[in-house]
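Only one structure is covered here, and it is reproduced in the block below.
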């Protein structure tokens with residue numbers, strides 16, 4: 147008996163199952179539990195046997211294939227090693243190129259930052275010179291005002 151036939155047998159048992167008296171749902175039927183369990187056990191055994199047979203056949207086929215492919219595998223290994231060397235060199239070269247591009251971008255960015263800083267410092271220098279001049283002028287005015295105030299006080303005292 148095939149698995150499909152056993153599944154059809156289960157399907158038939160479900161379709162021919164009787165509905166419980168107190169339930170109006172047409173999707174609920176009563177079936178013989180033991181009959182289902184027995185059929186499912188048979189299906190499990192059949193699947194396991196077929197799986198084991200396929201696994202054994204596959205293992206045998208792989209052994210035969212490996213024996214036939216040993217010389218080709220050796221050639222493929224040599225080709226792969228050469229290809230790996232070329233690929234590794236290409237990867238290294240690409241990495242070097244990327245590193246140079248990144249370094250150039252960093253250098254360009256650094257130059258822009260330094261130029262902006264220099265401009266800011268230059269502006270600050272100009273402002274500091276103006277501030278220094280203002281301080282000097284204020285100091286002179288204060289000195290003159292203080293001198294004038296002293297002279298007025300001296301003349302008032304006399």
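Numbering (our numbering), first residue to last: 147 to 304.
C-beta: ideal position from N, C-alpha, C; glycine also.
All of these numbers come straight from a predicted model, not from anything done at the bench.
Using DSSP bridges, identify the partner residues of residue i.
i, result
"residue 164", "176"
Only counting the same chain, and skipping five residues up and downstream in sequence, which positions put a Cβ closer than 7 angstroms to that of residue i?
i, result
"residue 155", "185"
"residue 246", "none"
I'd like the list of long-range same chain contacts for residue i, defined as Cβ closer than 6 angstroms, with 5 residues on each side in sequence excluded.
i, result
"residue 192", "149"
"residue 164", "176"
Please return the same chain residues whose Cβ sits closer than 8 angstroms to the Cβ of residue i, not counting the five positions on each side in sequence.
i, result
"residue 153", "189"
8 angstroms is my cut-off, CB to CB: does residue i come that close to chain C?
i, result
"residue 247", "Included in the structure is just one protein chain, with no chain C present."
>> Under 8 angstroms: do the segment 152-161 and the segment 177-193 share three or more Cβ pairs, one atom per stretch?
In response: yes
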